[in-house]
Amino acid sequence: MVEEGYRVLSNHFRKFSYMELKKATKNFQEELGRGASGVVFKGVLADERVVAVKKLGDAHLTEEVFWAEVSIIGKINHMNLVRMWGFCLEPKHRLLVYEYVENGSLDKHLFSGNVLGWNERFKVALGTAKGLAYLHHECLEWVIHCDVKPENILLDGEFEPKISDFGLAKLSERDRNNSEMSRIRGTKGYMAPDWALNLPITAKVDVYSYGVVILELVKGIRLSHWVVEDGDEQETELTRFIKVVKRKMQVEEMAWVEDTVDTRLNGRFTRIQAKKMIEIGISCVDENRSKRPTMDSIVQTLLECEDAVKIHNQIRECYGVVILELVKGIRLSNWVTEDGDEQETELTRFIKVVKRKMQIEETAWVEDTVDTRLNGHFNRIQAKKMIEIGISCVDENRSKRPTMDSIVQALLECEEGLRILDQA
């Protein structure tokens, strides 16, 4: 199907008239944001799809280049990239129509008064890496974003990230001379040194910017700002941050990860993931671009980390059930029927009862909990510690479950405490 010489790529990607978009946005009433390339407005199409409409500057590309590039971008489809649904190309108007992403940009969640949870941060790190890997390695045309930053990472209702603004003037055929792209610039603080050194621009500039973002996800502050050192020497917050972290890593400080993560999380994060994200971030911002990883290798590393955490969580949860069964001496994994035929596990019922007794500080709650077949022949300190560990292990919020090494440490301390008491 051909419309005024333009090919309609699909039912979801089409040419809009200016009047359609003017009506959809109620005369461009609700502004969502603005940047170097234009201003974005919220709108609702005739088919009730909510959209973000970007009005481009008057001098933005020739008509031929505009069409060539939107036709390519319109074919790009990945869950971690904001989808372009169409465009408007009229003598005085050039607009792009994107899907609307309801939770706005990452910077509003990461640097504001609200604290973005750790699970959401890891999801953003992984999803953003997947989106960039798709642009770099899976598209027929080679797409370099050139401006990866929190403002260009949008979050949907489930806090799944979607990269925006990867559009016009950032496409290159894989065999094109990349010196043609030297005029493109990103945002200060997120730009790779490659730009300043006038090196040929490759996907490694995006890797650098991603490194800054992933470290900001860990630390929870802007690392792109400049700070003044003694003697008025300036360096970025990023440079200072990396110096400190590398020094702590080299001397093998035990708590270097804990000292690095956003303090607003109050320790509610997964250490394995945080450590891996810091290591990835530092490797991404290496001044020597040949030492920076590729985005597809970063995705693979984060997926392996995610799998390791899932296995670790399953082990912890299973261990929690086992240690409570050791105390109680019965199967806690069985299902029982409550009044009204509602079912719950023996474990759920057991924990309800124990927590209630702990809250009202019943004197004999430990004795009431331990296997009656032991006839009181058990150590109360050990039993109490095992119950507390078991309950913490089966917490539905996995971020609140202890690590296995901390469990080992707690049990060893309990054992050592008893040994000291016996000697006394």
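Going by the numbering used here, the first residue of the sequence shown is number 120, and it counts up by one from there.
Cβ coordinates follow ideal geometry from the N, Cα and C atoms, glycine included.
In this structure, Met414 is the residue among Glu218, Trp204, Met414 with its C-alpha nearest to the C-alpha of tyrosine 327.
The criterion of a C-beta distance shorter than 8 Å is satisfied by tyrosine 438 and cysteine 512. Taking histidine 496 as reference, the option from Val446, Ile470, Met396, Thr464 with the minimal CA-CA separation is Val446. DSSP places valine 159 in the strand class (E or B) of the three-state scheme.
The stretch 393-405 makes contact with the stretch 372-379: 3 or more CB pairs, one atom from each, lie closer than 8 Å.
Our two residues, arginine 213 and methionine 523, have alpha carbons roughly 57 Å apart in a direct line. Rounded to whole angstroms, the gap between the alpha carbons of tyrosine 217 and isoleucine 526 is 49 Å. About 6 Å separates the Cβ atoms of tyrosine 329 and cysteine 403, confirming a contact at the 8 Å cut-off.
The stretch 218-227 makes no contact with the stretch 184-194; the number of CB pairs closer than 8 Å stays below 3. Glutamine 148 and alanine 171 have their C-alpha atoms spaced approximately 12 Å apart.
Here the alpha carbon of valine 331 sits roughly 10 Å from the alpha carbon of threonine 358.
For tyrosine 219, same chain residues with a beta-carbon under 7 Å away, outside a window of 5 residues either side, are Lys161, Val169, Val170, Ala171 in chain order. Around the beta carbon of tryptophan 345, a 10 Å sphere encloses fewer than 16 other beta carbons of the protein chains shown; the residue is thus reported as exposed. In summary, leucine 235 is buried, with 16 or more beta-carbon neighbours lying within 10 Å of its beta-carbon over all protein chains present. Contact annotation, tryptophan 237 with threonine 389: C-beta distance approximately 6 Å; criterion of less than 8 Å satisfied. Ranked by Cα distance from methionine 203, the first of Ile282, Val337, Ile263, Glu398 is Ile282. In this structure leucine 140 is not in contact with glycine 157, their Cβ atoms being roughly 13 Å apart against a cut-off of 8 Å. For leucine 274, the uninterrupted beta strand (DSSP E) run begins and ends at 272-274, by DSSP. Lysine 242 is classed as buried because its beta carbon has at least 16 other beta carbons within 10 Å across all chains shown.
In this structure, valine 440 sits away from leucine 422, with a CB-CB distance that is not shorter than 8 Å. At the C-beta level, alanine 322 and histidine 228 stay beyond 8 Å of one another. Linking valine 418 to alanine 165 through their CA atoms gives a straight-line distance of about 38 Å. Distance from the CA of lysine 194 to the CA of isoleucine 333, rounded to the nearest whole angstrom, comes to 28 Å.
Nearest neighbour of arginine 520 by Cα position, chosen from Glu167, Asn432, Lys410, turns out to be Asn432. Spatial neighbours of histidine 264 in its own chain (CB-CB distance under 6 Å, excluding positions within 5 residues in sequence) are listed in chain order as Phe285, Asp325.
Listed in chain order, the beta strand (DSSP E) elements of length 3 or more contained wholly in the stretch 408-475 are 454-456, 462-464. Within the DSSP secondary-structure output, alanine 171 pairs in a beta bridge with Lys161, Tyr217.
Of the candidates Leu318, Glu277, Ala311, Glu335, Glu335 places its Cα closest to the Cα of proline 269.
Beta-bridge analysis with DSSP links cysteine 512 to no other residue. Of Ile340, Arg411, Ile539, Thr488, the smallest CA-CA separation from aspartate 313 is found for Arg411. Nearest neighbour of proline 210 by Cα position, chosen from Thr181, Leu200, Gln369, turns out to be Thr181.
About 6 Å separates the beta carbons of isoleucine 508 and alanine 529, which is inside the 8 Å limit, making them a contact pair.
Contiguous alpha helix (DSSP H) elements confined to the stretch 227-268 occur at 237-252, taking only those with 4 or more residues. DSSP places leucine 318 in the coil class of the three-state scheme, outside both helix and strand. By the 16-neighbour rule on beta-carbons within 10 angstroms, valine 159 is buried. The Cβ-Cβ distance between glycine 448 and arginine 499 does not fall below 8 Å.
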